[in-house]
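Asks: Heads up: the sequence shown begins at 161 in my numbering, then just goes up one per residue.
Questions regarding the structure given below will be posed in turn.
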Amino acid sequence: MKSQDQKKNIISMALWLTVITAVVKLISFLREIVISAYYGTSVQSDAYSFSFNLINMIFLLISTYLVTTYGPTFIKMKEEKNFEKSIKFTNNIITTVAIISTSITLIGIVFAPIIVQVIAPTYEGPLLDINIMVLRAMFLMLPFISIAAVYSSFLNAQNSYLAPQLVWLPGSLLIIFSCVILGSKHGINTVVIAAVLGSMLQILIQLPWSRKYFSYKLYLNLKDDNLKKSFKLAIPAFLGTFFGSISIVVDRFLISHLTVGSMSALDFATKLIALITSLLLVPITTILFTQITESISKKQFKSVNNLLNKSIQTVSFLLFPIVITSFLIPFDIVKIVYERGNFDADATNLTGEAFKYLIIGVLSQGIFNIIANFFYAIQKTIIPMICGSIGIGFNIITSIIFSKTMGIGGIALGTSFGYFIALLLIIFALKRETSYISFKSSVKQVLLIIISSSLSIVLVVNTLQVFSFEITLFKVIFYFLFVILVNFGVSFIIKIEVSLKLFKTVKNKLVKKFYSEN
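In structure tokens, the structure reads:
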């Protein structure tokens, strides 16, 4: 009975979190649409993309520690009824992160010219100057988003998921308003200032929730055993993220040799992919990580196995049809999303080419993240690091090779190939490291999902040959709706578990509503 209640709570939380995440991510994506409309794939948008991605790359190193080791350490203390100790540990983490991120910011501001010239050696003149200026300003974000990430990890550990999902909302709204009101007059500077102000608000928006549990007090103890242990455990994850950062740097280096606008085109394509993954993956992985950590601490290994399998099956069911459909009509999707204002047909072709090959790796990325979260929860962080690093190595090699003949599409394809290699490796590692995790049911279900999705796509493509759509928006909507409906029907017929459970849930709710009204 307790297990059933736990499942209902997880589903309920996931649904609410999905809705909230959807709203926030859609507004965040609206921000990207507005930026693309005002600046297109230009020198200014390239400068913003370059700086934002570099800051985000450094931020990932900090957030990786928080996700992989701070969260589990805090939850363990909480399970041991050591709440006061866990609060002291959190204060220590906030102070340490503040010092580290501020130091990196100062170094980044001073050495910004060297950083830009190393990563993008072809930049010179006005292009070099604007990248240096924007990078220096964007470095100011780092301390604020890093401290905000500690609060987010703390609240997630308390099963308080709302505020962490809202942190990017103020910044997105500020950027949208700044573009609309001041964008034409002051250029990319308005976006940069709004982004920095938004990063400050990330901390403030979480304070009402965090104050229910603690208020920050200045405390620093670098000799603390828990701090040392957590940093030691984080080293493999740090290295994995570091190798990922190298991949990003190599991609940016390769792109800097392509036409102007390629940097922002890849960024716009990446953010379109991020919208898909954040809507479908983030709610599942966020709750999954906390639930797995708690189940492991209670030695409920059967529950862990079920959580992993259900998550993989659900993600596959949701993503596979989207991946295939997006691969078939990438330019139509990019056109209806971005093409307006200064984002012209050339920008659409460039971004569509990147999107087409990035979408291939989304499913591999999603399943890899689910399994990696399991290893983080059991504090075997070195395994995802090794698997991810090898995948990144393949990513770099294939990106270099493919970019020579395919340009921006080759770089995107190399990224997807790297995710696939990393997924294969982490599955083999999981089988070797654990005895209580079995993917037999998931293998069967994923194969059925592939069959169902493939049949759906064949039916859709053959049906669309009868029609000739001139309105791109209608074509895209029709494609997706048709694929979803046909896929659901086929998956129900061949008895895919996720589809059957969804049908049963909807049926029960409709029956309950009917009888309540009568």
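No residue lacks a Cβ here, since even glycine has one placed at the ideal position from N, Cα and C.
Note that the coordinates shown come from a computational prediction; the quantities given were computed from them, not determined experimentally.
1. Exposed or buried, Val327, counting other C-beta atoms within 10 Å across all chains shown (16 or more means buried)?
2. Exposed or buried, Tyr198, counting other C-beta atoms within 10 Å across all chains shown (16 or more means buried)?
3. Locate the alpha helix (DSSP H) running through Ser359, then write down its first and last residues.
4. Which residues mark the beginning and the end of the alpha helix (DSSP H) in which Val464 is found?
5. In the structure shown, what three-state DSSP assignment does Gln204 receive?
6. Go through its chain and collect everything with a Cβ distance to Ala182's Cβ below 8 Å, but skip five positions before and after it.
7. Kindly indicate the opening and closing residues of the alpha helix (DSSP H) around Phe535.
8. Which of the three DSSP states is assigned to Gly331 in this structure?
9. Given a threshold of 16 other Cβ atoms within 10 Å of its Cβ, counted over all protein chains shown, does Thr485 qualify as buried or as exposed?
10. Using the Cβ count rule (16 or more neighbours within 10 Å means buried), how would you classify Asp206?
11. Which word fits Asn529, buried or exposed, when buried means at least 16 other C-beta atoms lie within 10 angstroms of its C-beta?
12. Is any beta-carbon of chain C found at less than 8 Å from that of Thr575?
13. Just the C-alpha distance for Pro281 and Phe413, rounded to the nearest angstrom, thanks.
14. Using the beta-carbon count (16 or more within 10 Å), is Thr558 buried or exposed?
15. I need the DSSP call for Gly421, collapsed to helix, strand or coil.
16. For the alpha helix (DSSP H) containing Ile267, name the first residue and the last one.
17. Applying the 10 Å Cβ sphere with the 16-neighbour rule, what's the burial state of Ile631?
18. Using 8 Å for Cβ pairs, my map puts Asn252 next to Tyr379. What's the rounded Cβ distance?
19. Which value, in whole angstroms, describes the spacing of the CA atoms of Ile452 and Lys462?
20. I'd like to check one pair, Arg500 with Ile335: are the Cβ atoms closer than 8 Å?
Replies: Looking at the atomic coordinates:
1. buried
2. buried
3. 349-364
4. 461-488
5. helix
6. Leu439
7. 522-537
8. helix
9. buried
10. buried
11. buried
12. Among the protein chains of the structure shown there is no chain C, as only one such chain exists.
13. 8 Å
14. buried
15. coil
16. 243-270
17. The pLDDT assigned to Ile631 is 48, lower than 50, so where the model puts this residue is not dependable; a value taken from the coordinates is nonetheless given after this. Classification for Ile631: exposed.
18. 5 Å
19. 11 Å
20. no
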